[in-house]
Amino acid sequence: MPTPVGYSFSSSATLTGNAQVDSLLVGTYWMGNTWSTGTFTTPLTYSFMTETSRFASIYSSENEYEAGYVLTSAQQSGITSALSMWSSVANIKFTQVSESTTTVGDLRFGGYLNMDSDTAAWGYFPADTPSGGDVWLGPVTNNPTPDKGTYDYLVFMHEIGHALGLKHPFSQSLSNATVLASQFDDVSNTIMSYNTSYSYEPTTPMLLDIAAIQSLYGANTQWQTGNNTYSWGASQSVFETIWDAGGTDTIDASNQSAAVRINLNEGQFSKIGQAFMDLSTQTAFNEGLAIAYGAKIENAVGSANDDTLIGNALENVLNGLAGKDVMTGGAGNDIYVVDNIADIASETSTLASEIDTVLSSVSWSLGANLENLTLTGSAQDAGGNYLNNVLTGNASNNVLDGGSGIDTLIGGTGNDIYVVDNLKDIISETSSLAGEVDTIITSVSWSLGANLENLTLTGSAQDAGGNYLNNVLTGNASNNVLDGGSGIDTLIGGTGNDIYVVDNLKDIISETSSLAGEVDTIISSVSWSLGANLENLTLTGSAQDAGGNYLNNVLTGNAGNNVLDGGSGNDTLIGGTGNDIYVVDNLNDVIRETSTSASELDTVISSISWSLGANLENLTLAGSAQVDGGGNFLNNVMTGNAGNNVLAGGAGNDRLDGGAGNDILVGGTGTDMLIGGTGADRFVFSALNELGKGGTGDTIFDFSSLQGDKIDLSRLDANFQTSLIDKFSFINSDDFTSAGQLRFVDHVLYGNVNGDLGADFEIQLVGVNTLSANDLVA
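Here it is as structure tokens:
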């Protein structure tokens, strides 16, 4: 903010290379306090001269202040409004300040009594001088109400343009010799022109002004960013340029008393509003509405007359209202609203990616390059063309004829009948009245659209799909896929190898055929158990549990933690990722765990003797029968039942828990944890490689002499120094003296087999303080 005798900083402007824009650039602009252009808002202050205002003694060649006068409040209000016209399009922020002995605005406004009567005003360009950016009005600029549309208001905007760095389009500056072609030198293109001969003047900067000022300061990207509607009074004249920075916007002429021509393309003019006079030709003129370069206006609404609406490359909505309207679209997915059989909807773009739509309140057939048609009001019939159309009916009894192409026919209320003759056709019933039960009977595979309840397959049709309603899907003699979708569905199969897709616990599946050669499958995203005559079940989504029946089932899990229980029969259980549980009850059952992820823990629960296959970690024996369990190369957790079990861990660091009963626990190789549980349990070690020392040795957690537990080393050669299979001798806690000895010290049973007087293996007995030879089978 300068002092009365100081100045603000300006900078040299760069030409754009566009002659029309460059013809308005004087060559300087205000830097503001950001020292940057285009990226940050340029803040400028402005002030109005008072009777006590100070100026530099050498202010300008005119020293206007010596004959200055204070502007009227109406003029000051008009100037403030004119400033807002510039800041609405450019990245400038104006702030009014009061003049004082130390501070004035970057732009100062006052009156100059000695100005020539042929001159309305003048403004100084941005410069590092006290007068730079200041505007002086002459006595002839004296309209008591300088509102928009008056010459005085145009003068305000024109002189502010100078103060911001714009010159006359017909004149050269010291740094810019570019001038505007004479055919464009008119205020309809730029308010910096001297050529104005209209009874109503521009109310905003015009096309070239906005482009030029934005090249200096950047665009105001915060202006009109919402979904704006631009409309004017029926008797209002329109002479302006729209700058809009975003949103979905509409030019609305619905209240206009005369026909309009609206052109939504940037840089183009529209005919709208009360006509005013072009005094140079003495003719009426009302083509004064322009859309700024870079402004995007999407929609146009006509009047009750015969209008012309022209779209752009955006997704336009062109609504002619009453009258015989001509609506022309371009690129983009356009919507045409027609209400007269004489309306014309002309789509000029043939891009295959576009989807253009007609909304019609009269019967209508689509013309070239138009894809979709929606009937409104009382319209009866809809006709398509050679494209893939979407025809949408209304509450009437519609005739929907898609013509050639792969069409989508959408009905409304009423008992609509749809004829399906192509697998790619789409039928949609939009009525959700509870009393309607719409059924498709189809000889081709089909899926129900919205509000259609039942579907029956005939002929050789194979697949039936439901929707969100409670559907009844009925198959035929083919190999059907019946998918009810959401809702509580009833799926009825017939002969053939059928597939049922369920997603609701209340779905009902009825497989009526019991032919032995058929294999019927359920694919379920919820936990499910197979009913009669169904063989296979596959879990999807977040379903967890799968249950079989009396048949030989194949149950397949998903990525969740599944429980797969085949029931009776010779079943195949197939797991995936996740911590799965397999329940088996038949020696001919097969378990396939396909995931090798180290983080998974898969468990078999078996009521028969069972050995773990590949990728299975845990085994739990169920019931009370005397059944056995075998491990594998993984780190297994094996749990017995109430019977007398044999648990053999195999390789890996296993945890064996015998539970109740007189159990035999064989840890195998690895560092094993052995728990006998209740009963007289036997812990069997058959080879030296099943034993270790220190942290690699096995541990018995609940050894009990009172219960009759035994440590069985009878299969282990006690003395490697002989060729015979020797037995061990127990020496209590004494030191080793030879091979073939066992000693027990501090809860650990030590064994020596090579005679080196050191322990060759160790077995830790947790909580056991004493051990005798009676506890050993050696």
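Heads up: take any position in the sequence shown, counting from 1, add 2, and you land on the numbering used here. Note that beta-carbon positions come from the ideal geometry of N, C-alpha and C, so glycine has one too.
The three-state reading of DSSP puts asparagine 144 in coil, since its state is none of H, G, I, E or B. Between glycine 742 and serine 731, the gap from beta carbon to beta carbon is short of 8 Å.
Assigned with DSSP and collapsed to three states, aspartate 383 falls in strand.
If you ignore the 5 residues before and after serine 480, its C-beta comes within less than 8 Å of the C-beta of Leu459, Ser462, Ala463, Gln464 and Gly498, all in its own chain and listed in chain order.
Glutamate 513 counts as buried, since at least 16 other C-beta atoms from the protein chains shown sit within 10 angstroms of its C-beta.
Taking 8 Å as the upper bound for CB-CB distance, threonine 558 and isoleucine 576 are in contact here, some 4 Å apart. Cβ-Cβ distances below 6 Å link aspartate 485 to Gly467 and Val503 in the same chain, with the five nearest sequence neighbours on each side left out; the list follows chain order. Counted as a single uninterrupted DSSP element, the beta strand (DSSP E) harbouring serine 14 occupies residues 12 to 14. Around the Cβ of glycine 395, a 10 Å sphere holds 16 or more other Cβ atoms; the residue is buried. In the same chain as glutamate 66, and ignoring 5 residues on each side of it, the C-beta atoms closer than 6 Å to its own belong to Tyr114 and Trp138, in chain order. In this structure, the beta-carbon distance from serine 12 to threonine 30 falls below 8 Å. Contact between the segment 51 to 67 and the segment 174 to 183 is not established, with fewer than three Cβ pairs separated by less than 8 Å.
The DSSP-derived three-state label of glutamine 78 is helix.
Listed in chain order, the alpha helix (DSSP H) elements of length 4 or more contained wholly in the segment 58 to 112 are 75 to 91. Ranked by Cα distance from alanine 333, the first of Ser363, Leu372 and Asp308 is Leu372.
The alpha-carbon separation between serine 62 and serine 14 amounts to approximately 21 Å. Taking the C-beta atoms as reference points, isoleucine 408 is found no nearer than 8 Å to leucine 393. A Cβ-Cβ distance of about 17 Å is found for the pair lysine 273 and threonine 205, leaving them out of contact under the 8 Å criterion. Between threonine 227 and glutamate 300 the beta-carbon gap is near 14 Å, outside 8 Å, which marks them as no contact. Annotated three-state conformation of aspartate 211 is helix, per DSSP. Where isoleucine 162 is concerned, there is no enclosing beta strand (DSSP E), although the alpha helix (DSSP H) around it starts and stops at 153 to 166. The beta carbon of serine 447 sits closer than 6 Å to those of Ala463, Gln464 and Asp465, all from its chain and outside the five residues before and after it, given in chain order. Nearest to serine 237 by C-alpha distance, out of Gln258, Thr231 and Thr223, is Gln258.
Taken in chain order, the complete beta strand (DSSP E) segments of 3 residues or longer contained in the segment 304 to 339 are 310 to 312, 319 to 321 and 328 to 331. Straight-line measurement puts the Cα of tyrosine 48 at about 16 Å from the Cα of asparagine 93. When DSSP states are grouped into helix, strand and coil, tyrosine 196 belongs to the coil group. Going by DSSP, aspartate 24 is part of the alpha helix (DSSP H) stretching over 21 to 24.
Assignment of beta-bridge partners to glycine 632 by DSSP yields Ser613 and Ala650. By DSSP's assignment, glutamate 300 forms no beta bridge with any residue. Three or more beta-carbon pairs separated by less than 8 Å link the segment 677 to 687 to the segment 700 to 715, which places the two stretches in contact. Asn374 is the residue among Asn374, Thr415 and Leu425 whose C-alpha sits nearest the C-alpha of aspartate 403.
Each residue's CA atom was taken as its position, placing arginine 594 and asparagine 617 some 8 Å apart. In this structure, leucine 377 lies near asparagine 400, with their beta-carbon atoms less than 8 Å apart.
When Val606, Leu636 and Ala653 are compared, the shortest CA-CA separation from aspartate 630 is found for Val606. Of the candidates Thr724, Thr698, Leu693 and Asn721, the residue whose Cα lies closest to the Cα of isoleucine 713 is Leu693. In this structure, leucine 532 lies away from isoleucine 525, with their beta-carbon atoms at least 8 Å apart.
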